[in-house]
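Accompanying notes for the structure given below.
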Amino acid sequence: MQTDDGQGLKARKQPRQARSQATVEAIFDATIQVLRAEGLQRLTTIRVAERAGVSVGSLYQYFPQKQALLFAVLQRHLERVVSVTEEAAASAHNGTLQRMVKAVVTAFVQAKTENLDESRALYAVAAELDSRRYVREVGERNRVALEAMLRTACDAHFDDVAMTSFMFRGALVGPLRLVLEGESPQLMIPKLCGQLESLCLGYLQREARPKSPDIHQIPI
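Residue numbers (the working numbering): 9 to 228.
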C-alpha cells in the first residue's frame with residue numbers, strides 16, 4: 009500500500025500552458041473513466057493514456073507512476089469538494105442556524121453525489137493510497153470553515169464552538185461515507201439533503217444557547 013508521504017505521489021511537473029493543462033485534464037478524465045469502467049485493480053497508465061488519446065510518454069512527463077496519477081486525481085476531487093464547502097459556509101456568515109445548515113449541507117451533498125460513480129471510485133483510491141494525511145488536511149479545512157461560520161450565528165451561541173463544529177462535520181460526513189461505501193440504496197440519495205439538515209440542525213439547536221443581545225445596539 010502506498011502512502012502520502014511524498015515518495016512517488018508527487019506530480020513530476022505542473023502544466024503551465026493552456027495546451028499542457030488541457031492534456032492533464034484529459035488524462036484526469038480518462039483516469040476516472042477507466043476507474044469506473046474497469047476498476048482500480050485493472051487501471052494502468054497504458055489504459056489511461058489510450059483513453060485520453062495521448063502517448064504513455066506524455067503521461068509520464070507529468071506523473072512518474074500510476075500512484076502519482078491517482079493521487080493527483082484524488083486531490084482534484086477533494087479540492088473541489090472542500091472549496092465548495094468553504095464557499096457555502098462563508099456565504100452563510102451572520103445567518104441563522106437553519107440557513108447555515110441548509111447552505112453547507114446542500115453544497116456538500118451535491119458535490120459528493122452529483123457524480124456518485126466518480127466519488128465512489130475515488131473513495132476506493134483514497135483507501136488504496138493510504139492518503140490519510142492529506143484527507144486529514146482537507147477535513148481540517150472543513151472544520152475551520154464550519155467553526156468560523158458558527159461563531160457568526162445571529163440566533164445562537166456555543167460554549168464550545170470547536171467541539172460543536174467537530175461534531176457537525178462528523179454528522180455531515182458519516183452518512184456520506186456510508187453512501188460512498190455502497191451501503192445505502194440508490195433511492196435514498198434524493199432524500200439525503202433533507203435528512204442531513206434535520207440531523208445537523210437538531211444537534212446544533214440542542215447545543216446552542218440564545219445569543220446575548222449586543223448592548224451597544226440596545227436603545228437607551
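Ideal Cβ placement from N, Cα and C applies to all residues, glycine included.
Residue i classed as buried or exposed, judged by whether at least 16 other C-beta atoms fall within 10 angstroms
i      : result
Glu145 : exposed
Arg214 : exposed
Ile223 : With a pLDDT of 42 at Ile223, under the threshold of 50, the predicted position of this residue should be treated as unreliable, and no value is reported.
Ala170 : exposed
Gly210 : exposed
Ala258 : Residue 258 lies beyond the stretch modelled for the chain, which goes from 9 to 228, so this question has no answer here.
Met196 : exposed
Bounding residues of the alpha helix (DSSP H) (the contiguous stretch that carries residue i)
i      : result
His101 : Note, His101: premise wrong, no alpha helix (DSSP H); not H, not E.
Arg185 : Val169 to Leu188
Glu155 : Arg140 to Leu158
Gly202 : Leu200 to Glu215
Distance between residue j and residue i (C-alpha atoms, nearest Å)
i      : j      : result
Ile35  : Val42  : 10 Å
Leu188 : Thr172 : 25 Å
Asp167 : Leu105 : 15 Å
Leu154 : Glu33  : 31 Å
Ser139 : Val81  : 12 Å
Ala119 : Gly103 : 22 Å
Pro218 : Ala164 : 5 Å
Leu51  : Val117 : 28 Å
Glu94  : Val62  : 35 Å
Ser127 : Cys162 : 34 Å
Leu130 : Val152 : 24 Å
CB-CB length for residue i against residue j, believed under 8 Å
i      : j     : result
Arg107 : Ala96 : With a Cβ gap of about 11 Å, Arg107 and Ala96 do not count as contacting.
Segment contact, 8 Å Cβ cut-off, at least three pairs: the stretch 195–214 with the stretch 110–122 = yes
The stretch 62–74 contacting the stretch 120–132, beta-carbon criterion three pairs below 8 Å = no
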